[in-house]
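In this note's numbering, the protein residues as written are -1 to 158.
Positions of the beta carbon are idealized from the N, C-alpha and C atoms, including for glycine.
Quick caveat, the model's predicted, so the values are computed rather than measured.
Have a look at the structure below, then the notes.
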């Protein structure tokens, strides 16, 4: 923009000594040069903006999407070998292991929450203490429940 003003000022100062057709030709030439630089800078600006936009899309798309599971599928009795879990709709439940000669009536009570893929059991001990256990649900359907603990051990249950 500065060059255009400088050339126009020069043309204005020399207006008496330059023939009109040369003055018009110089004015057109100056406009062409200024337009060319505007286009070049605009292209650079557009390319920079596209690169920034691409990076923002790239880094947003790399974010891990956390799974969310339907709590209603969890309600009911689940079995994995000799281990049983029973989830109630009031966020309470019981667990027992028949290999330890424990029946459902003697089951250990717990409360549970399911937030997105995080399943939390808070086991209520007879002595008055609570033991929390946190799992990451990997699959929850009407008939199948799979989750893993923080140590990487996987559990698989079938709905009865």
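What's the call for residue i, buried or exposed, on a 16-neighbour Cβ count within 10 Å?
i: residue 158; result: exposed
i: residue 39; result: exposed
i: residue 125; result: exposed
i: residue 36; result: exposed
i: residue 143; result: buried
i: residue 51; result: exposed
Quick check on DSSP: helix, strand or coil for residue i?
i: residue 33; result: helix
i: residue 81; result: strand
i: residue 28; result: helix
i: residue 120; result: strand
i: residue 115; result: coil
i: residue 139; result: coil
For residue i and residue j, which I take to be in contact (beta-carbon distance under 8 Å), what is that distance rounded to the nearest angstrom?
i: residue 135; j: residue 67; result: 5 Å
i: residue 111; j: residue 130; result: Between residue 130 and residue 111 the Cβ distance is about 10 Å, and since that is not below 8 Å, they are no contact.
i: residue 73; j: residue 85; result: 5 Å
Practice problem: Assess, as a yes-or-no matter, whether the stretch 145 to 156 is touched by the stretch 73 to 84 under the definition of 3 or more beta carbon pairs within less than 8 Å. | Solution: yes
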